[in-house]
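Asks: There's a structure below that I have some questions on.
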Amino acid sequence: MKQREDTNTKGNDFLDMLIELKKNQDLKEKYSFEGNKVIAQAFQFFLAGFETTSSLISFTLYELCKNPKYQNTVREEIKTTIDKDGGITYENVMGMKYLDMCVQETLRMYPVLPFLDRRCNAEYKLPNSDLVVEKGLPVYIPMFGLHFDEKYFPDPLKYKPERFENGTNVYNKDGIVFMPFGEGPRICIGERFGLLATS
3 MKQREDTNTK
13 GNDFLDMLIE
23 LKKNQDLKEK
33 YSFEGNKVIA
43 QAFQFFLAGF
53 ETTSSLISFT
63 LYELCKNPKY
73 QNTVREEIKT
83 TIDKDGGITY
93 ENVMGMKYLD
103 MCVQETLRMY
113 PVLPFLDRRC
123 NAEYKLPNSD
133 LVVEKGLPVY
143 IPMFGLHFDE
153 KYFPDPLKYK
163 PERFENGTNV
173 YNKDGIVFMP
183 FGEGPRICIG
193 ERFGLLATS
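Take the position in the sequence shown, starting the count at 1, then add 2; the result is the number in our numbering.
Okay, here's the thing in structure tokens:
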């Protein structure tokens with residue numbers, strides 16, 4: 003980081019973002035973004051990205067081993083793609099629809115986090131109820147509860163990649179139900195890395 007700052011080198015990456023945060027911080031704030039705090043943030047992202055990705059790979063392989071018909075379909079898709087394109091590229095990995103369906107179903111059954119936690123930033127009255135969530139109140143969103151709700155995912159204990167044949171948005175049309183990486187402005191920064199590395 004020091005070398006980048008001293009040479010004013012731009013890498014258009016996470017380290018650049020940390021350098022910009024450090025440069026533009028409000029010195030009146032109680033939290034300062036200096037030295038070990040910057041390193042700790044970078045290390046946290048490094049660990050979070052690799053541990054969660056390796057877990058997703060492990061759970062996907064576990065389910066494919068338990069379900070040979072899905073394993074054979076994925077194997078055939080990969081083999082066909084490699085034979086057609088002469089190798090593996092970013093584009094053809096992103097085009098492997100059945101592999102993506104398997105990864106999405108694994109994320110449904112084995113979410114990275116059991117719940118998402120947020121803090122309410124404004125008073126909010128729940129529609130069709132007298133319940134009011136006050137500003138500052140912690141809000142917990144149960145991933146397992148949503149991902150295993152039979153209303154949205156029939157037979158939720160079964161591994162069924164075909165649930166995602168029409169993509170993931172089909173589960174979010176009446177509100178957000180499937181959100182393995184969170185949702186909105188605080189969605190996981192490593193979503194694309196995790197999905198690409200897993201595929």
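Even glycine gets a Cβ: it sits at the ideal position worked out from N, Cα and C.
Could you check where the beta strand (DSSP E) with K144 kicks off and where it finishes?
Replies: For the purposes of this step, residue 144 is identified with residue 142 of the sequence shown, where counting begins at 1. Checking the sequence, you will find Pro at residue 144 rather than Lys. Note, P144: beta strand (DSSP E), 140-144.
Asks: Once you ignore the five residues that flank E107 on each side, which residues in its own chain have a CB closer than 8 Å to its CB?
Replies: For the purposes of this step, residue 107 is taken as residue 105 along the sequence shown, with counting starting at 1. Leaving aside the five residues that flank E107 on each side, the residues in its chain whose CB is nearer than 8 Å to its CB run, in chain order, E65, Y161, K162, P163, R165, F166.
Asks: In this structure, how does DSSP classify D132 when only helix, strand and coil are distinguished?
Replies: The sequence position of residue 132 within the sequence shown is 130, counting from 1. Here D132 sits in coil by DSSP.
Asks: Hey, quick one: how far does the beta strand (DSSP E) through D119 stretch, first residue to last?
Replies: Within the sequence shown, residue 119 is the residue found at index 117, counting from 1. Note, D119: beta strand (DSSP E), 117-121.
Asks: For the alpha helix (DSSP H) that contains K99, what are its first and last residues?
Replies: Within the sequence shown, numbered from 1, the residue matching residue 99 stands at position 97. Residues 99-111.
Asks: Give me whichever residues DSSP pairs with K127 in a beta bridge.
Replies: Taking the first residue of the sequence shown as position 1, residue 127 is located at position 125. Note: K127 sits in a beta bridge opposite V134.
Asks: Go through its chain and collect everything with a Cβ distance to N69's Cβ below 6 Å, but skip five positions before and after it.
Replies: For the purposes of this step, residue 69 is taken as residue 67 along the sequence shown, with counting starting at 1. If we look at N69 and ignore the five residues flanking it on each side, its Cβ neighbours are Y161.
Asks: From V105 to D151, what distance separates their C-alpha atoms?
Replies: Locating residue 105 in the sequence shown gives position 103, where the first residue counts as 1. Locating residue 151 in the sequence shown gives position 149, where the first residue counts as 1. It is roughly 19 Å from the alpha-carbon of V105 to the alpha-carbon of D151.
Asks: Measuring straight from C-alpha to C-alpha, what distance separates G196 and F183?
Replies: The residue labelled residue 196 in the question sits at position 194 within the sequence shown. The residue labelled residue 183 in the question sits at position 181 within the sequence shown. In a straight line, the C-alpha of G196 is about 10 Å away from that of F183.
Asks: Classify G192 as buried or exposed, calling it buried when 16 or more other Cβ atoms lie within 10 Å of its own Cβ.
Replies: The residue labelled residue 192 in the question sits at position 190 within the sequence shown. Burial call: buried.
Asks: Report buried or exposed for P156, applying the criterion of at least 16 other Cβ atoms within 10 angstroms of its Cβ.
Replies: Within the sequence shown, numbered from 1, the residue matching residue 156 stands at position 154. Per the 10 Å Cβ criterion, exposed.
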